[in-house]
């Protein structure tokens, strides 16, 4: 199982990659996609919509479950991965790359500090399996 | 055999377990006055006595085999082919449990899938659900979908929509902080200019009925253009039988088409039960309320039918499901499915034409009577409104009833300004003789002459 160390994680299985310009890319972790199995549909958030951290903003549906995606950090959605509309399986195939879900313009980058490191998240997955 | 849910011993054990002395103590919070209600129930009857008593009671009802009805306004008296009763009363359908277990419910699921396909074809929409409770709740669910999709906060509603449907809509929306703006129907159809004024950037949807409550055909192209200009969705509530000849909603840009499938093989009974249908453009597919059946292959590549979106709507994520409706009106939807299959594409067109011709014959005959005038000068399908002569407005339905005829709906009941007008419905089931009888009673009652 892959837990890249250049990104941050949440307890609800999102990953966050920041670019230093106040923007962040968000996706679903490899662990989560493996638990969900084949993803068949992703309900993407609307570009321009503002969320507060921990708000639900998207839905991932797999052959096994329906799963809410929460916004890891507050801000405005600036881009969504429209390729997932036709190829939701990208979330399974390349969760940390082509399977990204949305980009957000952070309103409070301090919130990043509350996110989990790869090591902590890995322990969480191994321990709780949740 | 007695049915004993639990014995005295069971009761004692249960009371002991929860630490309550007696059953009375358990129910001490129930006010005394409510405990002493005694029901006046007569003693037991033998089977023969019971049948005789019930038959006597049922004779107090009048029925549509003995009376000729010209009442429509939401519930319609169409002919129902015997095959509908025959097939829908088969135990495999009639007593089947809700089809949660796909491997044990292929017949029921296939019937729902066929219903969805028929509704989608009839309305010319992309996707239809497995049915809802009735046309009114389907209309309300359409408004909810539009509000969710657009994230806007008001809906514009034509007063040409069935008044009871509008009431259900108000109930559904009453705690959502949604503003409902009603638009007048000045000369039989929705005032498009008023829609243009009422709808704005905060409007989620404009709701119309076509043919509307007065039977008139709406100016759907102008409505569609106006509504979409505002970025709102167009919701149209349609009569399924009318779609045999009039343009289906999918052909005039409707985003959500709803309606009541009671006219399709379901008896009027006492105004219910009904069955609603709900069809959308593909882009709203994942926002459909209720149940949806899909087709797939099993591991061996064989065709199979399954409930889809179920995990999301009912099992895992139900706190955020798009609707609290997670079932459908299956037996009545099945009847609609059998009915449409039995009469076929050509049959439906001929049926709609008969409705059109007979209602127009009745309209011409009634309006030729002294003192009777058309309320609106508009193209209509199988319902039309007539202004009655002053002298007979209040007593006409009792006079008709005395002559074996159930008259129309007095419009004043729902529209105060239309007091004295009556909405008639003429389906294919009425013969020329039936219509002539209506006309002659109207003529006699009004003491009038044919002009």
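Protein chains in written order, with the working numbering: chain A, 1 to 130; chain B, 1001 to 1451. Note that CB positions come from ideal geometry on N, CA and C, so glycine has one too.
- For the C-beta of residue 1148 of chain B, not a single chain A residue is nearer than 9 Å; the gap to the nearest is close to 11 Å.
- Judged by DSSP secondary structure, residue 1252 of chain B falls outside any alpha helix (DSSP H); it is assigned neither H nor E.
- Pairing residue 1107 of chain B with residue 1340 of chain B, the inter-Cα distance amounts to about 18 Å.
- Taking each of B/1334, B/1429, B/1393 in turn and checking the Cα distance to residue 1113 of chain B, the smallest one comes out for B/1334.
- In chain order, 1286 make up the part of chain B whose C-beta sits under 8 Å from the C-beta of residue 43 of chain A.
- Distance from the CA atom of residue 101 of chain A to the CA atom of residue 110 of chain A, rounded to whole angstroms, is 22 Å.
- Between residue 1280 of chain B and residue 1259 of chain B, the C-beta spacing is not below 8 Å.
- In the three-state DSSP reduction, residue 1330 of chain B falls in the helix class (H, G or I).
- The segment 1377–1413 of chain B contains, as complete beta strand (DSSP E) runs of 3+ residues, the segments 1383–1387 (chain order).
- Contact holds between the segment 1383–1394 of chain B and the segment 1420–1429 of chain B, because three or more Cβ pairs, one in each stretch, are under 8 Å apart.
- Between residue 1374 of chain B and residue 1217 of chain B, the C-beta gap is not smaller than 8 Å, which leaves the two residues out of contact.
- In its chain, beyond the 5 residues on either side, 36 have a beta carbon closer than 7 Å to the beta carbon of residue 65 of chain A.
- In the DSSP assignment, residue 102 of chain A falls within the unbroken beta strand (DSSP E) covering 102–106.
- Residue environment analysis places residue 1062 of chain B among the exposed positions, since fewer than 16 neighbouring C-beta atoms fall within 10 angstroms of its C-beta.
- A Cβ-Cβ distance of about 13 Å is found for the pair residue 1149 of chain B and residue 1282 of chain B, leaving them out of contact under the 8 Å criterion.
- Relative to the Cα of residue 1220 of chain B, the nearest Cα in the group B/1251, B/1244, B/1121 belongs to B/1251.
- Residue environment: residue 1037 of chain B is assigned as exposed (fewer than 16 neighbouring CB atoms within 10 Å of its CB, all protein chains considered).
- Counting along the chain, the unbroken alpha helix (DSSP H) around residue 85 of chain A starts and ends at 83–86.
- Within its own chain, the residues whose Cβ lies closer than 7 Å to the Cβ of residue 43 of chain A, once the five positions on either side in sequence are excluded, are 58, 59, listed in chain order.
- Per DSSP, residue 77 of chain A is one residue of the beta strand (DSSP E) stretching across 75–80.
- Listed as beta-bridge partners of residue 1296 of chain B by DSSP are B/1304.
- When DSSP reads this structure, residue 56 of chain A sits in a beta bridge with A/70.
- DSSP places residue 1210 of chain B in the uninterrupted beta strand (DSSP E) bounded by 1203–1210.
- Spatial neighbours of residue 1122 of chain B in its own chain (CB-CB distance under 7 Å, excluding positions within 5 residues in sequence) are listed in chain order as 1240, 1243, 1248.
- In this structure, the CA atom of residue 1084 of chain B is about 11 Å from the CA atom of residue 1343 of chain B.
- Fully contained in the segment 1060–1140 of chain B are the following alpha helix (DSSP H) runs of length 4 or more, in chain order: 1082–1088, 1091–1094, 1106–1123.
- Of all alpha-carbon atoms in A/126, A/77, A/8, A/93, the one lying nearest the alpha-carbon of residue 104 of chain A is that of A/77.
- Judged by beta-carbon spacing, residue 1337 of chain B lies beyond the 8 Å limit of residue 1076 of chain B, meaning their Cβ atoms are not closer than that value.
- Exclusion of the five residues before and after residue 1428 of chain B leaves 1351, 1354, 1355 as the residues of its chain whose Cβ lies within less than 6 Å of its Cβ.
- For residue 1446 of chain B, there is no enclosing alpha helix (DSSP H), as DSSP marks it with neither H nor E.
- Taking a C-beta distance under 8 Å as the contact criterion, residue 1289 of chain B and residue 1141 of chain B qualify as a contact pair.
- The three-state secondary structure of residue 1217 of chain B, taken from DSSP, is coil.
- Collapsing the DSSP output to three states places residue 18 of chain A in a strand.
- The C-beta distance from residue 1198 of chain B to residue 1254 of chain B rounds to 19 Å, too long to meet the 8 Å contact threshold.
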